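What follows is a single structure, written as C-alpha coordinates, with notes after it.
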Amino acid sequence: MRLSFPRRQGGFTLVELLVVLAIISLLLTIAIPRYFGSVEKSKEVALRENLQVLRSGLDKYYADKGEYPSTLADLVTHHYFRSVPLDPVTESATTWQLVTSPNGDISGVADVRSGAKGKTREGIPFEQL
(Lines of atoms letter the chains of each structure in order from A and count residues from 1; the text may use other names and numbers.)
(Lines give C-alpha, C1' and ligand atoms only; values in the text may rest on other atoms or scores of the structure.)
Protein backbone atom coordinates (compact mmCIF):
# COMPACT_ATOMS: atom_id res chain seq x y z
CA MET A 1 0.00 0.00 0.00
CA ARG A 2 1.32 3.38 -0.97
CA LEU A 3 1.23 6.27 1.48
CA SER A 4 0.14 9.53 0.05
CA PHE A 5 1.08 12.74 1.72
CA PRO A 6 -1.15 15.72 1.44
CA ARG A 7 -0.02 18.09 -1.21
CA ARG A 8 1.91 21.09 0.16
CA GLN A 9 0.18 24.38 -0.47
CA GLY A 10 2.10 27.47 -1.50
CA GLY A 11 3.39 29.65 1.32
CA PHE A 12 6.38 30.34 3.49
CA THR A 13 7.65 28.34 6.39
CA LEU A 14 8.18 29.88 9.79
CA VAL A 15 11.95 29.73 9.37
CA GLU A 16 11.79 31.60 6.07
CA LEU A 17 9.66 34.33 7.61
CA LEU A 18 12.04 34.66 10.59
CA VAL A 19 15.03 35.01 8.27
CA VAL A 20 13.29 37.76 6.29
CA LEU A 21 12.32 39.59 9.50
CA ALA A 22 15.90 39.34 10.78
CA ILE A 23 17.25 40.84 7.54
CA ILE A 24 14.71 43.68 7.62
CA SER A 25 15.49 44.48 11.26
CA LEU A 26 19.23 44.50 10.52
CA LEU A 27 18.73 46.95 7.66
CA LEU A 28 16.53 49.18 9.84
CA THR A 29 19.13 49.31 12.63
CA ILE A 30 21.58 50.65 10.05
CA ALA A 31 19.22 53.09 8.33
CA ILE A 32 17.25 54.66 11.20
CA PRO A 33 20.15 56.39 13.01
CA ARG A 34 21.31 57.89 9.72
CA TYR A 35 17.80 59.12 8.98
CA PHE A 36 17.34 60.89 12.32
CA GLY A 37 20.83 62.35 12.10
CA SER A 38 20.07 63.84 8.71
CA VAL A 39 16.77 65.27 9.98
CA GLU A 40 18.56 67.02 12.86
CA LYS A 41 21.24 68.36 10.53
CA SER A 42 18.66 69.72 8.09
CA LYS A 43 16.84 71.54 10.92
CA GLU A 44 20.10 73.17 11.99
CA VAL A 45 20.85 74.28 8.43
CA ALA A 46 17.33 75.66 8.02
CA LEU A 47 17.61 77.48 11.36
CA ARG A 48 20.86 79.16 10.34
CA GLU A 49 19.32 80.19 7.01
CA ASN A 50 16.16 81.58 8.63
CA LEU A 51 18.24 83.56 11.13
CA GLN A 52 20.30 85.01 8.29
CA VAL A 53 17.15 85.97 6.34
CA LEU A 54 15.56 87.58 9.41
CA ARG A 55 18.70 89.54 10.22
CA SER A 56 18.94 90.71 6.63
CA GLY A 57 15.31 91.86 6.74
CA LEU A 58 15.96 93.74 10.00
CA ASP A 59 18.97 95.48 8.45
CA LYS A 60 16.99 96.46 5.34
CA TYR A 61 14.15 97.80 7.48
CA TYR A 62 16.63 99.87 9.48
CA ALA A 63 18.30 101.16 6.30
CA ASP A 64 14.94 102.19 4.84
CA LYS A 65 13.21 103.64 7.90
CA GLY A 66 16.08 104.70 10.18
CA GLU A 67 14.69 102.64 13.05
CA TYR A 68 14.23 99.00 13.93
CA PRO A 69 10.77 97.40 13.81
CA SER A 70 8.96 97.06 17.12
CA THR A 71 7.98 93.45 16.32
CA LEU A 72 8.73 90.90 13.63
CA ALA A 73 5.17 91.33 12.38
CA ASP A 74 6.16 94.83 11.24
CA LEU A 75 8.44 93.21 8.66
CA VAL A 76 5.40 91.44 7.23
CA THR A 77 3.21 94.54 7.45
CA HIS A 78 5.74 96.62 5.49
CA HIS A 79 6.21 93.83 2.92
CA TYR A 80 9.75 92.77 3.77
CA PHE A 81 8.45 89.20 4.20
CA ARG A 82 5.27 87.39 3.25
CA SER A 83 5.27 85.79 6.69
CA VAL A 84 7.63 85.50 9.61
CA PRO A 85 9.90 82.49 9.01
CA LEU A 86 9.48 79.47 11.27
CA ASP A 87 12.06 78.35 13.75
CA PRO A 88 12.54 74.83 12.33
CA VAL A 89 13.64 73.37 15.66
CA THR A 90 10.53 74.53 17.54
CA GLU A 91 8.39 74.54 14.37
CA SER A 92 6.86 77.87 15.37
CA ALA A 93 7.21 81.50 14.30
CA THR A 94 6.38 82.75 17.80
CA THR A 95 9.40 81.34 19.64
CA TRP A 96 11.98 83.76 18.24
CA GLN A 97 13.86 85.64 20.97
CA LEU A 98 13.89 89.34 20.11
CA VAL A 99 17.07 91.27 20.94
CA THR A 100 16.99 95.04 21.25
CA SER A 101 19.77 97.31 20.05
CA PRO A 102 22.80 97.53 22.34
CA ASN A 103 22.65 101.27 21.67
CA GLY A 104 20.10 102.55 24.19
CA ASP A 105 18.78 105.43 22.08
CA ILE A 106 17.58 103.14 19.24
CA SER A 107 14.50 101.10 20.12
CA GLY A 108 13.05 98.08 18.39
CA VAL A 109 14.18 94.62 17.38
CA ALA A 110 17.81 94.79 16.25
CA ASP A 111 18.56 91.06 16.27
CA VAL A 112 16.80 87.75 16.65
CA ARG A 113 17.82 84.45 18.24
CA SER A 114 16.28 81.01 18.31
CA GLY A 115 14.03 80.18 21.23
CA ALA A 116 14.80 76.47 20.95
CA LYS A 117 16.22 74.59 23.90
CA GLY A 118 19.19 72.32 23.46
CA LYS A 119 22.35 72.35 21.41
CA THR A 120 23.46 71.85 17.83
CA ARG A 121 25.41 68.80 16.75
CA GLU A 122 28.59 70.82 17.36
CA GLY A 123 27.52 71.54 20.94
CA ILE A 124 26.58 75.21 20.42
CA PRO A 125 23.34 76.21 22.20
CA PHE A 126 20.59 77.19 19.76
CA GLU A 127 20.21 80.52 21.61
CA GLN A 128 23.74 81.53 20.58
CA LEU A 129 23.39 81.10 16.82
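According to our numbering, the sequence shown is numbered sequentially starting from 4.
We put the CB at the ideal spot given by N, CA and C, even for glycine.
All values reported here derive from a predicted model rather than from experimental measurement.
Residue i in three-state terms, based on DSSP
| i | result |
| --- | --- |
| residue 93 | coil |
| residue 101 | strand |
| residue 128 | strand |
| residue 22 | helix |
| residue 120 | coil |
| residue 56 | helix |
Reference residue i, options the options, closest by Cα
| i | options | result |
| --- | --- | --- |
| residue 106 | 27, 70 and 96 | 70 |
| residue 93 | 82, 104, 119 and 16 | 119 |
| residue 83 | 91, 23, 67 and 96 | 67 |
| residue 53 | 22, 75, 81 and 13 | 75 |
| residue 126 | 108, 43 and 96 | 43 |
Buried versus exposed, by CB contacts within 10 Å (16 or more), residue i
| i | result |
| --- | --- |
| residue 60 | buried |
| residue 39 | exposed |
| residue 72 | buried |
| residue 128 | exposed |
| residue 47 | buried |
Rounded distance between the beta-carbons of residue j and residue i, thought under 8 angstroms
| i | j | result |
| --- | --- | --- |
| residue 99 | residue 79 | Not confirmed; about 13 angstroms, so no contact. |
| residue 50 | residue 117 | 6 angstroms |
| residue 57 | residue 88 | 6 angstroms |
| residue 123 | residue 113 | Going by Cβ atoms, the distance from residue 123 to residue 113 rounds to 23 angstroms, so no, they are not a contact pair. |
Bridge-paired residues (DSSP) for residue i
| i | result |
| --- | --- |
| residue 72 | Answer is none; residue 72 lacks a bridge partner. |
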